[in-house]
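Each remark here refers to the structure printed beneath this line.
2 protein chains.
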Amino acid sequence: MSLALNQRTTKRWSVAEAVEGCVRHGLEAVGLWREEVAEQGLAESVKLVRDAGLRVSSLCRGGFLTTPGDPASGTAGRVPSGAAGRVPSGAAGSARQAALDDNRRAIDEAAELGAACLVMVVGGLPGVRPGEPLPGEPDAEGRAPLFSRDLAGAREQVAEALEVLAPYAGERGVKLALEPLHPMYCADRAVLSTLAQAVDLCLPYPEEQVGVVVDTFHVWWDPRLFEEIARAGRRIASYQVCDFLQPLPADVLLGRGMMGDGVIDFPPITRAVAEAGYTGDVEVEIFNADIWAADPDEVVATMKRRYAQVVTGAP
Amino acid sequence: MSLALNQRTTKRWSVAEAVEGCVRHGLEAVGLWREEVAEQGLAESVKLVRDAGLRVSSLCRGGFLTTPGDPASGTAGRVPSGAAGRVPSGAAGSARQAALDDNRRAIDEAAELGAACLVMVVGGLPGVRPGEPLPGEPDAEGRAPLFSRDLAGAREQVAEALEVLAPYAGERGVKLALEPLHPMYCADRAVLSTLAQAVDLCLPYPEEQVGVVVDTFHVWWDPRLFEEIARAGRRIASYQVCDFLQPLPADVLLGRGMMGDGVIDFPPITRAVAEAGYTGDVEVEIFNADIWAADPDEVVATMKRRYAQVVTGAP
């Protein structure tokens with residue numbers, strides 16, 4: 001395993017700057033984000049990483065597969081729901097198609113970049129937007145924008161979308177990496193909440209098509225973590241590290257910290273991932289206002305030091 | 316099952332006012348908190364609930380059983396830890412004793428009140444205080460206040476404390492109710508993060524000594540929720556309801572909302588709890604700045620309406 005920079009850790013850096021930064025600091029791999037790749041241009045991003053001799057440890061991210069659909073279950077909308085919370089059924093189908101289309105584009109991009117995997121953040125409850133209030137106010141026609149409380153149904157949607165996307169990824173030599181997110185993001189970002197769930201979802205597919213992400217921030221609390229890492233085995237497509245801050249900041253998305261600044265005991269997790277057979281890159285992916293405000297070169301230097309001190313457990 | 320008021324929902328009310336409020340609104344049971352009981356006086360609180368003919372659905376709360384101990388595992392303190400993060404071993408033993416003593420007092424109070432159970436919030440990582448920054452700065456002698464990242468060890472501490480407290484509770488006719496808390500509170504409030512863990516912990520003890528709390532806020536996201544509710548069966552000692560707000564407020568402790576204001580689909584959970592054999596009271600326990608600022612009588616009226624509309628799934 002060797003250390004890699006996920007470019008979101010140095011948010012100010014473009015793809016070109018992140019690639020240069022990795023080379024400058026002696027890192028062999030970089031995790032890229034679709035938004036930044038689009039800004040740089042896909043073809044230019046491909047050329048930059050190849051010319052620099054870097055591996056692309058992951059492309060972030062596909063997913064958001066849960067889309068508003070049939071509200072017949074009666075759990076949609078706010079209370080009292082009444083007639084609110086309905087959308088025309090045609091719109092449901094086209095939202096689903098749009099999500100699948102976008103994921104096919106993400107797979108194509110991952111293939112172009114030769115990324116080790118496409119990280120999949122599967123999406124929350126249908127119609128709930130990340131970090132935003134619930135869509136509870138009715139529109140001018142008295143219809144509320146739809147959201148659904150049907151968690152089991154949302155989880156089924158993810159499994160169904162995977163049936164479409166896994167073969168598509170397989171044809172292009174791309175591995176989908178299902179990322180269980182911390183349960184505090186279940187409603188708005190990922191109904192995939194445990195490693196056990198992610199492993200169950202990927203087992204029906206060939207190993208080279210679908211795997212899982214182990215991200216310490218999301219899974220450190222899980223009483224079944226070590227059993228599930230062992231069960232995941234060679235399904236582990238990505239190992240991402242960052243710390244869990246205490247207390248969480250006002251925006252819980254930004255509760256990710258530099259390794260050593262939070263509560264996670266990394267070495268046992270790192271050892272378990274290695275013993276499960278993972279030999280890929282270890283991405284540091286930190287969303288954190290202070291780290292984003294700091295000088296990116298200093299962040300990478302700290303990251304390298306902390307990785308050796310805190311993550312690997314080397315003396 | 317019938318609706319009960321947990322007095323923290325109407326935080327401004329003393330025990331006397333909460334008892335009066337329950338009677339005024341036709342509720343048959345109240346969940347009390349130790350702090351408020353102490354303010355009112357234990358004997359007077361006992362008299363108030365008896366005279367009003369109310370059941371005490373729970374006493375909140377015992378727990379916080381995880382205390383700083385031997386830092387030999389090397390995971391204590393901040394990074395770089397060095398000599399920091401040490402406490403004299405005598406202090407470790409006395410912190411543990413103090414926690415057990417406080418829980419014995421809580422059990423005695425629950426017995427006096429005839430509470431259906433004593434809710435146990437087991438505590439987070441040793442030395443991490445709820446909602447506070449990690450104790451990372453060294454003191455004048457260069458020793459940092461201790462905290463530990465040893466999650467497995469903290470969970471063992473809980474199991475060990477239970478060996479002492481369960482028989483004590485059994486002798487006094489009190490049932491300990493182990494509450495799994497949402498994983499976002501794992502570091503600072505409860506290393507008990509899933510219902511499965513809580514069920515496993517209580518099974519070695521007689522049913523009347525140790526049970527579990529099912530609190531919708533804490534467990535709604537769990538992919539194993541329905542299997543674990545069924546497995547808990549008659550071990551369910553308390554069913555608490557409130558909603559999970561989206562997005563979470565700046566203080567995540569206050570992310571609990573009135574039923575219907577968040578993302579939880581209550582009726583399937585309520586049905587599962589009933590099918591598991593639970594026939595006790597259903598407490599509404601909401602920590603929420605807006606609800607605490609509102610008129611408590613209006614809060615209780617809303618709570619009754621929403622309970623019927625949203626929680627039971629009655630038409």
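Heads up: the sequence lines are chains L and V, in that order.
Numbering of the first sequence is given in this note's numbering, commencing with residue 1 and proceeding in unit increments.
Numbering of the second sequence is given in this note's numbering, commencing with residue 316 and proceeding in unit increments.
Don't be surprised by glycine CBs; every beta carbon is placed ideally from N, CA and C.
For clarity, every value in this text was computed on a predicted model and none was experimentally measured.
Scanning its chain for C-beta atoms nearer than 6 Å, with the 5 sequence neighbours on each side dropped, one finds around Leu-496/V the residues Arg-504, Ala-505 and His-533, in chain order. Bridge partners of Val-436/V according to DSSP: Gly-378/V. A straight-line Cα-Cα distance of about 5 Å links Gly-211/L and Ala-177/L. In this structure, the beta-carbon distance from Thr-67/L to Ala-29/L does not fall below 8 Å. Residues of chain L with a Cβ closer than 9 Å to the Cβ of Asp-503/V are, in chain order, Gln-246, Pro-247 and Val-263. Leu-118/L and Ile-107/L do touch by the CB rule: their CB atoms are close to 6 Å apart, below 8 Å. For Tyr-168/L, no beta strand (DSSP E) encloses it; the enclosing alpha helix (DSSP H) starts and ends at 151-171. Think of a sphere of 8 Å around the beta carbon of Trp-348/V: no beta carbon from chain L falls inside it, the nearest being about 22 Å out.
Residues of the same chain with a CB within less than 8 Å of the CB of Val-19/L, apart from the 5 flanking positions on each side, are Val-30, Leu-48, Val-49, Ala-52 and Leu-54 in chain order. Ranked by Cα distance from Ile-264/L, the options Gly-277/L, Ala-237/L and Val-311/L are led by Val-311/L. Contact between the segment 235-242 of chain L and the segment 284-298 of chain L is present: 3 or more CB-CB pairs across the two stretches fall below 8 Å.
In the structure shown, the three-state DSSP call for Gln-624/V is helix. Close to chain V, meaning a Cβ-Cβ distance shorter than 7 Å, are the following residues of the segment 163-191 of chain L: His-182, Pro-183, Met-184, Cys-186, Ala-187 and Asp-188. Per the Cβ contact rule, the segment 268-277 of chain L is not in contact with the segment 576-596 of chain V (fewer than 3 Cβ pairs under 8 Å).
Using a Cβ-Cβ cut-off of 8 Å, Leu-428/V does not count as an interface residue toward chain L, since no Cβ of chain L sits closer than that to its own. Chain V places a beta carbon closer than 8 Å to that of Gly-131/L, counting this residue as a contact. As the crow flies, the alpha-carbon of Ser-508/V is around 5 Å from that of Pro-498/V.
Shown here, Gly-69/L sits in coil according to DSSP, grouped into three states, outside any helix or strand. In the DSSP assignment, Ser-2/L falls within the beta strand (DSSP E) that extends over 2-6. For Ala-344/V, the enclosing beta strand (DSSP E) starts and ends at 344-348.
The C-alpha of Tyr-520/V is placed about 21 Å away from the C-alpha of Ser-372/V. Residue nearest to Ala-425/V within the set Ser-463/V, Arg-376/V and Glu-471/V is Arg-376/V (criterion: CA-CA distance). Under the DSSP definition of a beta bridge, Arg-55/L partners with Ala-29/L. By DSSP's assignment, Glu-283/L forms a beta bridge with Ala-4/L and Gln-240/L.
About 7 Å separates the beta carbons of Ala-502/V and Phe-244/L, which is inside the 8 Å limit, making them a contact pair. Excluding sequence positions up to five before and after Met-120/L, its CB lies within less than 7 Å of the CB of Arg-61, Gly-62, Gly-63, Leu-176, Ala-177, Leu-178 and Glu-179, all in the same chain and listed in chain order. Ala-230/L has its alpha-carbon roughly 11 Å from the corresponding atom of Ala-196/L. Our two residues, Ala-565/V and Gly-173/L, have alpha carbons roughly 42 Å apart in a direct line. When beta bridges are read from the DSSP output, Ala-505/V appears opposite Gly-438/V. Closest in C-alpha terms to Ala-319/V, from the list Ala-431/V, Arg-419/V and Asn-418/V, comes Ala-431/V. In the displayed model, Leu-493/V falls within a strand according to three-state DSSP. Interface criterion not met: the Cβ of Asp-612/V is under 8 Å from no Cβ in chain L. Against chain L, the CB of Asp-465/V has a partner CB under 8 Å away; the residue lies at that interface.
In the three-state reduction of the DSSP assignment, Val-213/L falls in the strand class, which pools E and B. For Ala-250/L, the nearest CB of chain V lies under 8 Å from its own CB, placing it at the interface with that chain.
Relative to Gly-313/L, the option among Leu-201/L, Asp-295/L, Gln-157/L and Arg-271/L whose CA is nearest is Arg-271/L.
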